[in-house]
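Some notes on the structure that comes next.
There are 2 protein chains.
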Amino acid sequence: MDYDKQSLLQPLFKTLHNIEKLGTELEQDIENVFVIEEYPKNYILLHEGHVCKHVYFLIDAVVRSYHIIGQKEVTSRLMFSNHIVISAGSFFTQTAAVETIETLSNCVIATLSYIDLQSIYAKHPQFNLHTRIITEQYFFMQEQRLYMLRKHSAVLKYEYFLDHYANYLQHIPQKYIASFLNISPETLSRIRAKFGEDSIS
Amino acid sequence: MDYDKQSLLQPLFKTLHNIEKLGTELEQDIENVFVIEEYPKNYILLHEGHVCKHVYFLIDAVVRSYHIIGQKEVTSRLMFSNHIVISAGSFFTQTAAVETIETLSNCVIATLSYIDLQSIYAKHPQFNLHTRIITEQYFFMQEQRLYMLRKHSAVLKYEYFLDHYANYLQHIPQKYIASFLNISPETLSRIRAKFGEDSIS
DNA sequence: TGTATTTATTGACAAATGTCAACAAAAACT
DNA sequence: AGTTTTTGTTGACATTTGTCAATAAATACA
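Note that the protein sequences, when read in sequence, are chains A and B. Taking my numbering, the leading residue of the first sequence gets 1423, the next gets one more, and so forth. Taking my numbering, the leading residue of the second sequence gets 1423, the next gets one more, and so forth.
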């Protein structure tokens, strides 16, 4: 693959620099350990039961994570370009993941292994500042997802989704959206029918 | 108050040392900025709409956070001794909180202000390592709460609660547990009645 | 200890959502 | 382009959970 790694990683470095300027050596070391990879649609990046050994920085991608509850897949997250993706519990503790991560489009993704990340920490302890802040940001996003799930009715949850994910609506099969909102595909279909009705009349 | 601050903070320092040994000066500086305070039961530590300006380390406490959805309070977290409590979004970004934090028992709590924490970071950048790891741990706990909320039936959610919070059951009014599980108090009462029935027969 | 207040329980009923099935539409694959 | 497969829609109905109200139990407080 003849990618220009540096330009593909530009958005990531912008985020990092906004937190605190990286030294030249640190920036170079980070760039060196990232690997750019292509994955086809519906490729499984992480299997439930396996250890999440990489951070995925989504360069051009639509990705979902899900876990099995009862017999059914329940979508836990929907993620897009410029998101950083890990299965948190698994990655942080290097233990078996309880969720599966799957691509929903042909993807270009920068991957960084757990081991390489640890060596970055060892060589550049100041990098902990950046990952602390990023973890805080993702913590906050997760808090908002929790807030959404506690909205009581299916309609309120769908409205929340429209407010926060409208741009991505067309890229995600509806059944996954329903599952993300914890409602049945039929219920979502009915809600959408009503919404359409409203905007016509 | 004639508390022995050092001994009250022992559990916190143990956690920090387990991540990476703190230097003497850093340890001393942290100890200096923490303030031990007592709060009565049902005291509001943080009001929705205010900025969360402190980290609370619960020394001896039962605490809940909640937000208003529609007309109703919905309990978002239940927290106990040795937990670190903040309203994440508000604290990290120093903006208005969307939730309220309230004591459910008479409490002894160590508080640390946002400003003091920033000066610790400035003076001891290596402390970012500790807070990164702690943030990761709380991230993971939050992920588990999300997982719980996605369990479909009220019974499954209550079973989850029994598995993870059994020790605290008696300290928390049932209506807050119901709210935490996103079910009505009546439904929880009925589930508990059935459970009791089962264990007799 | 007795009274007031809050919390929990129980029943009857209503509302929301899930399930199953049949069909339509869209997408994927030769 | 035509066929197969997947996804989305709609209806009928079942199930779960919520709501309201009455009562009991527990807790707080004077």
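Cβ coordinates follow ideal geometry from the N, Cα and C atoms, glycine included.
Three or more beta-carbon pairs separated by less than 8 Å link the segment 1478-1486 of chain A to the segment 1521-1539 of chain A, which places the two stretches in contact. Comparing alpha-carbon positions, the option among A:1549, A:1579, A:1578 lying closest to residue 1439 of chain A turns out to be A:1549.
In this chain, the alpha helix (DSSP H) harbouring residue 1558 of chain A covers 1549-1572.
Between residue 1561 of chain A and residue 1561 of chain B a beta carbon distance of about 5 Å is seen, short of the 8 Å cut, so the two are scored as contacting. Beta-bridge partners assigned by DSSP to residue 1486 of chain A: A:1500, A:1524. Separation of residue 1480 of chain A and residue 1441 of chain B (C-alpha to C-alpha, rounded to the nearest whole angstrom) is 30 Å. Contact of residue 1604 of chain A with chain B by beta-carbon distance below 8 Å involves 1571, 1572, 1574.
Nearest neighbour of residue 1567 of chain A by Cα position, chosen from A:1491, A:1499, A:1452, A:1473, turns out to be A:1499.
Here DSSP, grouped into helix, strand and coil, assigns residue 1600 of chain B to helix. Only residues of its own chain outside the window of five on either side were considered, and among them 1613 have a CB closer than 6 Å to the CB of residue 1580 of chain A, listed in chain order. In this structure, DSSP gives residue 1617 of chain B a helical state, which the three-state scheme calls helix. The Cβ-Cβ distance between residue 1587 of chain A and residue 1531 of chain A does not fall below 8 Å. A Cβ-Cβ contact shorter than 8 Å links residue 1565 of chain A with residue 1510 of chain B.
When the Cα atoms are used, residue 1529 of chain B and residue 1429 of chain B turn out to be separated by approximately 16 Å.
DSSP places residue 1578 of chain A in no beta strand (DSSP E) but in the uninterrupted alpha helix (DSSP H) bounded by 1576-1587. Contact annotation: in the segment 1478-1492 of chain B, residues whose CB is within less than 9 Å of a CB in chain A are 1489, 1491, 1492.
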